[in-house]
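In the working numbering, the protein residues as written are 78 to 582. Before any comments, here is the structure.
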Amino acid sequence: MQKIKIFLVALTAFAAVSCLDKVPGSAIPQPEAMQTFDDAEQTVTGIYSLFKSSALYSGLLTILPDLQTDMVYAVDGYSNTYGDIWQWKIRSTNAEIEAVYAALYQIIANCNFYLDRIEGVMAATTDDTKLQTLDIYTGEVYAIRALAYSELIKCYCKAYDPATAKDELGVVLRTTTIDPQPMPRASLYDSYQQVLADLAEAERLLDEDDDAYSSAFVTRAMAYALHARVALYMQDWQSAIDYSTLLIESNDFALSSAVSLYTSDMTYFDYMWNYDVATEIIWRIGFTTTSYGGALGQTFLGFNNDYTYYYPDYVPAQWVLNLYSQADMRYSSYFYPLQTGYNHGLQWPLLVKYYGNQDFINNALIYHTVMPKPFRLAEQYLIRAEAYCRQATPNYSAASNDLSTLRATRISGGGAVSLSADNYIEQIAAERVRELYMEGFRLQDIKRWGKLYRNGEGFTRTPQSNSLAEGSSLTIKADNPLFVWPIPKHELEAPGSLVQPNESN
């Protein structure tokens, strides 16, 4: 079904009060709000607009989980942007930690507002076409709420262990805006059950005919992609395999080749990062030159400081650069040696995958802004390969085929790999870094792998050229409490709050 929506700029401000008590449309008397089809459509439009927040995929939610680990180094002379996160001085009062938490709960509040009222709108609607459209909108909202809760769980909760999940803290599960009361955090088990329940509704209501690559709207394919990711995090290996397979075998998506030219000087993979369109993008955040979010590339390039030199706050870790073979075409798509404008004159392969959408640069001189791509088909191959290896009866052959298929589209001459019980986690971990670099997965991966990965040793930073002294020499074990972000202090201290702190608080 064709859907037409107009993206609006979100005008939401976050006050220093509990994020859990916020409701949208505060200027509208609640009983009178969202009564018609048009009202419902505008509410969904508003929910989409919230994803443009620089606290989410066009900024903090994408950057911070990788920046906190061993993926980048702060440059001597940097602007101190995200300095506390990189140096592991993470506190419950950290502005970035608060912003991610608030932005995700704001999305949940808007979804709850819609879901509280949609039955009344449908009861008052007689047009069958509009009723079908409202079903689709409702499916989108359920998927979006599932996504927001899954990201909160990922950032603010421990890794899921089926044996202990009912005894671990999850998140506060607010599912209505009607008469909100203070609530404690649900268990980790119940928190994920809420995500799965929302996904079940989304998958029931969304129409597979709307599945399409590079969609800026939530589709059933996006719900499947989230389901596969959540299943992997929950150690539900069979579900991870089943849902990733639905996407891998779909006719709607295909890996974008880094070894085949799309234009005379650009591969299909290059085009994905330069123009934000590709057959492997399952869902992206839709930006225009007049309505866009944060600038993902700013902290890695800083070219628009003077439009002459580059002033990156962070540069790629040498060990990451060393992971790519000479035949791996991802390297040239992700990194390029550039001269910095610092007094020490550092020249280094800088991260250029977020240099900026070329149309935005050419038409409006908007640098370092790209449309975030929270779900790509490449991740689904990595999910399925890992799940094959970790199920009760491992299928290393099938996992090897998945990894080899992905690598064949990235590496000139092919990239066959053979996985076994002795090497699979290191191979998959390395491939996840190569493919998903600075897309926000590394912190969660190390946390959820625990002792499986390098016997729980986590990671060690050692200084590299012109790296900031403070923070360049760190050893962080996988069981460090700060792999789980602290609950914001104002959330714990809000009047009547029942929210329990994390160990990192």
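Just so it is clear, CB atoms sit at the ideal spot from N, CA and C, and this is done for glycine as well. Computed from a predicted structure; not experimentally measured.
Query - Strand pairing of Ile36, partner residues [DSSP] - result: This structure does not reach residue 36, given that the chain is present from 78 up to 582, and the question cannot be answered.
Report task. Pick out whichever of Pro414, Ile221, Arg453 and Ile460 has its Cα sitting closest to the Cα of Thr356. Result -> Taking the sequence shown and counting its residues from 1, the one referred to as residue 356 is at position 279. Comparing Cα-Cα distances from Thr356 to each of Pro414, Ile221, Arg453 and Ile460, the minimum goes to Arg453.
Query raised in the report: How is the beta strand (DSSP E) around Gln424 delimited, first residue to last?
Result: Position 347 of the sequence shown holds residue 424. Counting along the chain, the beta strand (DSSP E) containing Gln424 begins and ends at Gln424 to Leu428.
Report task. Please go through the same chain and pick out, in chain order, the residues whose beta-carbon is closer than 7 Å to the beta-carbon of Arg509, but skip the five residues on each side of it. Result -> Start at 1 with the first residue of the sequence shown, and residue 509 comes out as number 432. Exclusion of the five residues before and after Arg509 leaves Leu459, Phe518 and Asp522 as the residues of its chain whose Cβ lies within less than 7 Å of its Cβ.
Report task. Give the secondary structure of Asp153 by DSSP, where H, G and I count as helix, E and B as strand, and everything else as coil. Result -> By one-based count along the sequence shown, residue 153 stands at place 76. Of the three classes helix, strand and coil, the one that applies to Asp153 here is coil, per DSSP.
Query raised in the report: Between the beta-carbon of Ser321 and the beta-carbon of Gln457, is there less than 8 Å?
Result: The count along the sequence shown starts at 1 and reaches residue 321 at position 244. The count along the sequence shown starts at 1 and reaches residue 457 at position 380. Yes, the Cβ-Cβ distance between Ser321 and Gln457 is below 8 Å.
Query raised in the report: By DSSP, does Met343 sit in helix, in strand, or in coil?
Result: Against the sequence shown, residue 343 aligns to sequence position 266. In the structure shown, Met343 sits in a strand (DSSP, three-state: E or B).
Requested in this report: Label Leu208 either buried or exposed according to how many other C-beta atoms from any shown protein chain fall within 10 Å of its C-beta, with 16 as the threshold for buried.
Outcome: Translated into positions along the sequence shown, residue 208 becomes position 131. Exposed is the call here.
Query - Nonlocal neighbours in the same chain, by C-beta distance under 6 Å from Gly527, ignoring five residues either side - result: As a working mapping, residue 527 is identified with position 450 in the sequence shown. Taken in chain order, the residues that qualify are Gly533 and Ala555.
Query - C-alpha gap between Gln541 and Asn189, whole angstroms - result: Along the sequence shown, read from residue 1 onward, the residue named residue 541 stands at position 464. Along the sequence shown, read from residue 1 onward, the residue named residue 189 stands at position 112. In a straight line, the C-alpha of Gln541 is about 48 Å away from that of Asn189.
Query - Environment of Gly535 [buried if 16+ CB atoms lie within 10 Å] - result: Along the sequence shown, one-based indexing puts residue 535 at 458. Buried, by the Cβ-count rule.
Query - Run of the beta strand (DSSP E) containing Gln416, from where it starts to where it stops - result: Within the sequence shown, the letter at position 339 stands for residue 416. Looking at the DSSP string, the run of the beta strand (DSSP E) that includes Gln416 is Phe412 to Gln416.
**Report entry** Coil, strand or helix - Ile167 by DSSP
**Finding:** Position 90 of the sequence shown, counting from 1, holds the residue named residue 167. DSSP places Ile167 in coil when its eight states are reduced to three.
Report task. Assuming Ile586 contacts Ile221 (C-beta within less than 8 Å), just tell me the rounded distance between them. Result -> No answer is possible for residue 586: the residues shown for the chain start at 78 and end at 582.
Requested in this report: Check each candidate in Leu551, Met515, Leu324 and Trp314 and name the one with the smallest Cα separation from Met148.
Outcome: Counting from 1 along the sequence shown, the entry for residue 148 is found at position 71. The candidate whose alpha carbon is nearest that of Met148 is Met515.
Requested in this report: Pull up the CB-CB distance for Trp562 and Ile184, whole angstroms please, since I reckon it's below 8 Å.
Outcome: What you label residue 562 is simply residue 485 of the sequence shown in a count that begins at 1. What you label residue 184 is simply residue 107 of the sequence shown in a count that begins at 1. Not really, about 17 Å apart at Cβ, beyond 8 Å.
Query raised in the report: CB-CB under 7 Å to Thr146, same chain, minus the five flanking residues each way: which ones, in chain order?
Result: Numbered from its first residue, the sequence shown carries residue 146 at position 69. For Thr146, where only same-chain residues beyond five positions count, the Cβ hits under 7 Å are Arg519, Leu520, Ile523 and Phe536.
Query raised in the report: If we count the other Cβ atoms within 10 Å of its Cβ and call it buried at 16 or more, is Leu304 buried or exposed?
Result: For the purposes of this step, residue 304 is taken as the residue at position 227 of the sequence shown. The amino acid occupying residue 304 in the given sequence is His; Leu does not appear at that position. The residue is buried, with at least 16 neighbouring Cβ atoms inside 10 Å.
Requested in this report: Report yes if the C-beta distance between Val576 and Pro257 is below 8 Å; otherwise report no.
Outcome: The residue labelled residue 576 in the question sits at position 499 within the sequence shown. The residue labelled residue 257 in the question sits at position 180 within the sequence shown. The beta carbons of Val576 and Pro257 sit no closer together than 8 Å.
Query raised in the report: To the nearest angstrom, how far is it from the Cα of Gln375 to the Cα of Tyr388?
Result: Within the sequence shown, residue 375 is the residue found at index 298, counting from 1. Within the sequence shown, residue 388 is the residue found at index 311, counting from 1. Between the alpha carbons of Gln375 and Tyr388 lies a distance of about 9 Å.
Query raised in the report: Do the CB positions of Val617 and Trp425 come within less than 8 Å of each other?
Result: Residue 617 lies beyond the stretch modelled for the chain, which goes from 78 to 582, so this question has no answer here.
Requested in this report: Could you pull out every unbroken beta strand (DSSP E) segment of at least 3 residues lying fully inside the region 291-349, listed in chain order?
Outcome: Qualifying beta strand (DSSP E) stretches, in chain order: 338-340.
Query raised in the report: Is the beta carbon of Ile443 less than 8 Å from the beta carbon of Thr365?
Result: Here residue 443 is taken as the residue at index 366 of the sequence shown, counted from 1. Here residue 365 is taken as the residue at index 288 of the sequence shown, counted from 1. Taking 8 Å as the Cβ cut-off, Ile443 and Thr365 do not qualify as a contacting pair.
Query - For Phe536, the three-state DSSP class (helix, strand or coil) - result: Here residue 536 refers to the residue found at position 459 when the sequence shown is read from its first residue. Strand.
Query raised in the report: Near Gly102, what residues of its chain come up, given a Cβ to Cβ distance below 6 Å and the 5 sequence neighbours on each side ignored?
Result: As a first step, residue 102 must be located in the sequence shown, where it is residue number 25. Low confidence applies here, because Gly102 scores a pLDDT of 42, under 50, leaving its location unreliable and the question unanswered by this model.
Report task. Find the nearest neighbour of Asp115 within the set Ile255, Ser126, Asp193 and Thr202, judged by alpha-carbon distance. Result -> By one-based count along the sequence shown, residue 115 stands at place 38. Of Ile255, Ser126, Asp193 and Thr202, the residue nearest in Cα terms is Thr202.
Query raised in the report: Do you know offhand how far Ala151's Cα is from Tyr310's?
Result: Numbered from 1 along the sequence shown, position 74 holds the residue referred to as residue 151. Numbered from 1 along the sequence shown, position 233 holds the residue referred to as residue 310. Spanning the two alpha carbons is a distance of roughly 30 Å.
Requested in this report: Assign Thr120 to one of three DSSP states: helix, strand, or coil.
Outcome: Taking the sequence shown and counting its residues from 1, one reaches residue 120 at position 43. The three-state reading of DSSP puts Thr120 in helix, counting H, G and I together.
Requested in this report: Buried or exposed for Leu529, please, with buried defined as at least 16 other CB atoms from any protein chain shown within 10 angstroms of its CB.
Outcome: One-based indexing of the sequence shown puts residue 529 at position 452. Exposed is the call here.
Query raised in the report: Between which two residues does the alpha helix (DSSP H) carrying Val584 extend?
Result: In the structure as shown, the chain starts at 78 and stops at 582, and residue 584 therefore has no counterpart that could be examined.
**Report entry** Spatial neighbours of Cys232 in its chain, beta-carbon cut-off 7 Å, leaving aside the 5 residues before and after
**Finding:** Numbered from its first residue, the sequence shown carries residue 232 at position 155. If you ignore the 5 residues before and after Cys232, its C-beta comes within less than 7 Å of the C-beta of Val177 and Trp562, all in its own chain and listed in chain order.
Query - For Lys430 and Val198, the rounded distance between their alpha carbons - result: The residue you call residue 198 lines up with position 121 of the sequence shown. The residue you call residue 430 lines up with position 353 of the sequence shown. Roughly 43 Å separates the two Cα atoms.
Query raised in the report: What's the gap between the Cα of Thr210 and the Cα of Asp390?
Result: As a first step, residue 210 must be located in the sequence shown, where it is residue number 133. As a first step, residue 390 must be located in the sequence shown, where it is residue number 313. It is roughly 45 Å from the alpha-carbon of Thr210 to the alpha-carbon of Asp390.
Requested in this report: Measure the beta-carbon distance from Ala236 to Val248 and round it to whole angstroms, keeping in mind my assumption that it falls under 8 Å.
Outcome: Numbered from 1 along the sequence shown, position 159 holds the residue referred to as residue 236. Numbered from 1 along the sequence shown, position 171 holds the residue referred to as residue 248. That pair is no contact at about 14 Å.
Query raised in the report: Counting Cβ pairs, one atom from each stretch, are 3 or more of them under 8 Å apart for the region 477-484 and the region 543-551?
Result: Flag = no, the region 477-484 and the region 543-551 do not touch.
Query raised in the report: According to the neighbour-count rule (16 or more other Cβ atoms, all chains shown, within 10 Å of its Cβ), is Asp286 buried or exposed?
Result: Here residue 286 corresponds to residue number 209 of the sequence shown, with the count starting at 1. Here Asp286 is exposed. Its C-beta has fewer than 16 other C-beta atoms within 10 Å.
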